[in-house]
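Trainee: Chains as they are written, first to last, in the numbering used here: chain A, 1 to 113; chain B, 1 to 112. All C-beta atoms, glycine included, are put in the ideal place defined by N, C-alpha and C.
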């Protein structure tokens, strides 16, 4: 069974631009969660999608948004990029919710210059 | 407000010895705790978990201890192996939410 895949793996953008990251969950998994990992902050929860609906949301500004498609694939968008958005963005999938084991993708490393 | 804290950013242990990674939490509504291991360029992988109704869970070389009164949990790795060198995250979930709250991680280095 293929694992969680994230594209692209690396991305360099400049301040003010926007970016879209993609996550393909494990086949059959319907819950997709997004996390931001920065040094000293650990993994910060961004949001979770289930059946194309945002079910949970973390404490991030509205510049961070996401969506989920009918095939459970998910995208995350960050608009008006700031230097502080430089981070590793991780996607995790699970069968139904975080009460099931979450499987993480390798992440997308975003650098904002 | 960091609800899950890992106060040691790094830990160095000799191969064969015990590694003890610590985690403190502040939210008394957390009822499930997990440990994840992360290698460079890979996503975190689930290691072991414990429910708040238990105070110990063991899986091979890995044991997690939970002290609810102190709001503290620890991960013991015995014996430590060089392949255990990674960043370890503890995470917690409250009974009324699906969100996992992660700590900041502890980098474990096991040297020969």
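Looking only at its chain, what residues have a beta carbon closer than 6 Å to the beta carbon of residue 31 of chain B, apart from the 5 residues adjacent to it on each side?
Mentor: For residue 31 of chain B, where only same-chain residues beyond five positions count, the Cβ hits under 6 Å are 52 and 95.
Trainee: For residue 104 of chain B and chain A, any beta-carbon pair shorter than 7 Å?
Mentor: It does: the Cβ of residue 104 of chain B has a partner Cβ on chain A nearer than 7 Å.
Trainee: Please state the DSSP three-state secondary structure of residue 24 of chain B.
Mentor: Strand.
Trainee: Please go through the region 37-112 of chain A and give each complete beta strand (DSSP E) segment of 3 or more residues, from N-terminal end onward.
Mentor: Entirely contained in the region 37-112 of chain A, the beta strand (DSSP E) runs reaching 3 residues are, in chain order, 42-50, 53-57, 64-68, 74-78, 87-94 and 108-112.
Trainee: Starting from the beta carbon of residue 33 of chain B, find every residue of chain A whose beta carbon is closer than 7 Å, and list them in chain order.
Mentor: Result: empty, since nearest Cβ-Cβ is about 12 Å, beyond 7 Å.
Trainee: Is the separation between the beta-carbon of residue 88 of chain A and that of residue 109 of chain A shorter than 7 Å?
Mentor: Taking 7 Å as the Cβ cut-off, residue 88 of chain A and residue 109 of chain A qualify as a contacting pair.
Trainee: CB residue 21 of chain B to CB residue 75 of chain B, shorter than 7 Å?
Mentor: Yes, they are a contact pair.
Trainee: Any beta carbon of chain A sitting closer than 7 Å to that of residue 44 of chain B?
Mentor: It does: the Cβ of residue 44 of chain B has a partner Cβ on chain A nearer than 7 Å.
Trainee: Can you list the residues of chain E that residue 4 of chain A reaches, using a CB-CB cut of under 9 Å?
Mentor: Checking the listed chains, one finds no chain E in this structure; the protein chains it contains are A and B.
Trainee: By how many angstroms is the C-alpha of residue 86 of chain B removed from the C-alpha of residue 37 of chain B?
Mentor: So the alpha carbons of these two residues sit roughly 6 Å apart.
Trainee: Who does residue 7 of chain A pair with in a DSSP beta bridge?
Mentor: According to DSSP, residue 7 of chain A bridges with A:22.
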